[in-house]
Amino acid sequence: MADIDFLKKMAAQVRRDVIRMVHKPQSGHPGGSLGCADFFTALYFEVLNINPKSFTMDGIGEDIFFLSNGHLSAAWYSVLARRGYFDISELSTFRLINSRLQGHPTPAEHLPGIRVASGSLGQGLSVACGAALAKKLNADKHLVYSLHGDGELQEGQIWEAALFAAAKKIDNLIATIDYNGKQIDGPVDEVVTLGDLRSKWLAFGWEVLETNGNSMEQLLQTLDQAKLLTGKGKPIVILMRTEMGMGVDFMMGTHKWHGKAPNDEEFNRAIAQLPETIGDF
Amino acid sequence: MKYTSTGNKDTRSGFGAGLHELGRKNPNVVALCADLVGSLKMDDFIKENPDRFFQVGIAEANMIGLAAGLTIGGKIPFAGTFAAFATGRVYDQIRQSVAYSNKNVKICASHAGLTLGEDGATHQMLEDIGLMKMLPNMTVIVPCDYNQTKAATLAIAEHVGPVYLRFGRPAVPNFTPADQKFEIGKAQLLNEGIQVSIFATGHLVWKALEAADVLEQKGISAEVINIHTIKPLDEKAILHSVAKTGCAVSAEEHMMHGGLGDSIAQLLARKHPAPMEMVAVNDVFGESGTPNDLMVKYGLDTPNIVEAALKVLARK
Chain U
37 MADIDFLKKM AAQVRRDVIR MVHKPQSGHP GGSLGCADFF TALYFEVLNI NPKSFTMDGI
97 GEDIFFLSNG HLSAAWYSVL ARRGYFDISE LSTFRLINSR LQGHPTPAEH LPGIRVASGS
157 LGQGLSVACG AALAKKLNAD KHLVYSLHGD GELQEGQIWE AALFAAAKKI DNLIATIDYN
217 GKQIDGPVDE VVTLGDLRSK WLAFGWEVLE TNGNSMEQLL QTLDQAKLLT GKGKPIVILM
277 RTEMGMGVDF MMGTHKWHGK APNDEEFNRA IAQLPETIGD F
Chain R
-19 MKYTSTGNKD TRSGFGAGLH ELGRKNPNVV ALCADLVGSL KMDDFIKENP DRFFQVGIAE
41 ANMIGLAAGL TIGGKIPFAG TFAAFATGRV YDQIRQSVAY SNKNVKICAS HAGLTLGEDG
101 ATHQMLEDIG LMKMLPNMTV IVPCDYNQTK AATLAIAEHV GPVYLRFGRP AVPNFTPADQ
161 KFEIGKAQLL NEGIQVSIFA TGHLVWKALE AADVLEQKGI SAEVINIHTI KPLDEKAILH
221 SVAKTGCAVS AEEHMMHGGL GDSIAQLLAR KHPAPMEMVA VNDVFGESGT PNDLMVKYGL
281 DTPNIVEAAL KVLARK
């Protein structure tokens, strides 16, 4: 049984980490990281079957996660560190010279937990499909998870992979969409609307689940449900409604904090809303 | 000539034969193709290993991502399509998911260069060597005949890291020994000479040997070296040869910008300045035609190498 109280405290600490991480280098993408803090926490502290202390690139005998929208690196790094992949003190090096915590994630710096580079959008679903095929070849029953931005779905390669995954019955894959309706230039509906996103995935042959990505209870329930749907001949996608900037009032309800770091005054206002729950890095 | 062709064969069939053998030898080898199985001669591998082959359809970007993902789990993916679609179309996918991520993906590119022929410039990839050699972590290999393409296919499965393997469509003289092991990064001295060094790659290697014959009849001693690995470049072999001959000619079925000649010129400029001429396509797109007509029209034939050698000798 999940310790919901602990998960909520962890997600709150992750949000605090994110703000502190992007403030120091005055650079990064706080909006999406804040929006997906609950998802990363639920995934890494409750859902994934993983071996943080003995990370291997091949990930045989464990679940694998790919972050396709690599600009959510701050929240991912925070959760990886707090789950034990590396020391939380390293979070203070984010985006600074000589750091393993690159602006966008990469295995080139040998940071445990990261298996492929992302940042240029649209590539992660293909990679996740490939890793899922390798699991099948290896008779490894563990699952592959991925996260994508909703704006990222404007990339054509996503739909190449979506078509392929259904055609080849990649049913050990759970993709998640950060459905916050915002991208750099404004609301997704104004930039290039995704239209009826649920119908699109259904038409491509996927199982589609929907959830509130900022409710720990609903997230856990949906991720459980997704697991039960694996192994039945279809890939699974979760449309996860989130609020970009969640947890910091002035960062919510706008796309303006997609890729902007708070100045000192904004930092103080933000951090006052995000109390230390687990312990700062 | 001291080399004898055992008959004309296409290099893509060398790839197919190598992949077939790998299917039997290495259970981790998997293959992917974007709707060009027959063109890439992958049928034998697929027949024997249906579970280790993934037909991706006409979706090259997805194919590169899938290949990167398959390495996570210990597989060695050989992803095949035409050179145009294996590089330019998917440059960003290769850059991020394969090269920067340092994945053990083998990009297998057929129908490279002008000799693809009648399909014309859309399909005649002449920039791929440049695109691929610019990527850190990437090894770039261009074998010269059927036997060498087969040997290179076997060799890259043993090499851990991203590889670009370039081969072609037409039947060309098959002259390297069938049992010759392929050494990545090691240039092959095919013909010793003392007056001019000819560095050739791919289909131009045989033509370079023919050119050396013509030059010999003119009383000129030309050295011919097969640069089958563009990257890492065998700098030692190149510098050693040019130190002896004092001038160089490069020959390749590729754009002059970014090709083998560009790599050699850069090396010579840095370490041993010497006169150099380049036989390559000079900043133009190709067109429809027979492979032979194209090689003649675009200046990639044996007489062009002879002419370049005479020109560079006059500049010594």
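Which chain is which? The protein sequence lines are U and R, in order.
Taken in order, the first sequence gives residues 37 to 317; the numbers are from the working numbering.
Taken in order, the second sequence gives residues -19 to 296; the numbers are from the working numbering.
Heads up, the beta-carbon is just placed ideally off N, CA and C, and yes, glycines get one too.
Under the three-state reduction of DSSP, U:P61 is assigned to coil, being neither helix nor strand. For R:I56, no Cβ of chain U is located within less than 7 Å of the residue's own Cβ.
Neighbourhood of R:F34 in chain U, by CB distance below 8 Å: L169, K204, in chain order. Linking U:Q138 to U:L108 through their CA atoms gives a straight-line distance of about 12 Å. Rounded to the nearest angstrom, the Cβ distance from R:T95 to R:R149 is 6 Å, consistent with a contact under 8 Å. Listed along the chain, the chain U residues whose CB falls inside 8 Å of the CB of R:S19 amount to none; the nearest CB is some 20 Å away. Any Cβ of chain R closer than 7 Å to the Cβ of U:G166 would place that residue at the interface, and such an atom is present. Taking 7 Å as the CB threshold, U:V163 lines the interface with chain R. Taking every protein chain shown into account, the CB of R:H0 has 16 or more other CB atoms within 10 angstroms, so this residue is buried. In the structure shown, U:I124 adopts helical secondary structure according to DSSP, grouped into three states. Comparing alpha-carbon positions, the option among R:A89, R:K(-11), R:A167 lying closest to R:P212 turns out to be R:A167. The region 169 to 189 of chain U makes no contact with the region 13 to 24 of chain R, as fewer than three CB pairs between them are under 8 Å. Here the alpha carbons of U:G249 and U:F286 stand approximately 19 Å from one another.
DSSP places R:I56 inside the beta strand (DSSP E), whose first and last residues are 56 to 62. For R:Q35, the three-state secondary structure derived from DSSP is strand. Check the Cα spacing between R:A289 and each of R:A188, R:K277, R:F58, R:F(-5): the tightest is with R:A188. Taking CB atoms only, U:F101 has no neighbour in chain R less than 7 Å away. Assignment of R:M256 by DSSP, reduced to helix, strand and coil, places it in the strand class.
Per the coordinates, the alpha-carbon of R:N117 lies some 6 Å from the alpha-carbon of R:N82. The secondary-structure analysis by DSSP pairs U:C72 with nothing; it has no beta-bridge partner.
With respect to U:D74, U:L127 sits apart: the two C-beta atoms are not nearer than 7 Å. Interface criterion met: the Cβ of U:N174 is under 7 Å from a Cβ in chain R. Within chain R, the residues whose beta carbon sits less than 8 Å from that of U:F200 are V36, G37, A39, N42, L46, listed in sequence order. Contact with chain U is found for R:L50, since one of that chain's Cβ atoms lies less than 7 Å from the residue's Cβ.
Inter-residue distance for R:V10 and U:L230 is about 35 Å (C-alpha atoms, whole angstroms). U:K45 and R:I38 have their C-alpha atoms roughly 47 Å apart.
Taking C-beta atoms under 8 Å as the contact rule, R:L240 and R:F179 qualify, at a distance of about 7 Å. Taking C-beta separations shorter than 6 Å and ignoring five residues to either side along the sequence, the partners of U:N105 in its chain run H184, G185, E188, following chain order. Residues of the region 81 to 102 of chain U that bring their beta carbon within less than 9 Å of a beta carbon in chain R comprise M93, D94, G95, I96, I100, F102, in sequence order. Sixteen is the threshold: since fewer than 16 other Cβ atoms of the shown chains lie within 10 Å of the Cβ of U:D39, the residue is exposed.
The three-state reading of DSSP puts R:T95 in helix, counting H, G and I together. In terms of Cβ geometry, R:P255 and R:V292 form a close pair [threshold 7 Å]. Under the rule that a run must span 3 or more residues, the beta strand (DSSP E) segments found entirely inside the region 182 to 223 of chain U read 209 to 215. Taking C-alpha positions only, R:V222 is separated from R:L106 by approximately 26 Å. Nearest to R:G(-6) by C-alpha distance, out of R:I74, R:L170, R:N171, R:S90, is R:S90. Using a Cβ distance threshold of 7 Å, U:S63 and U:A308 do not count as a contacting pair.
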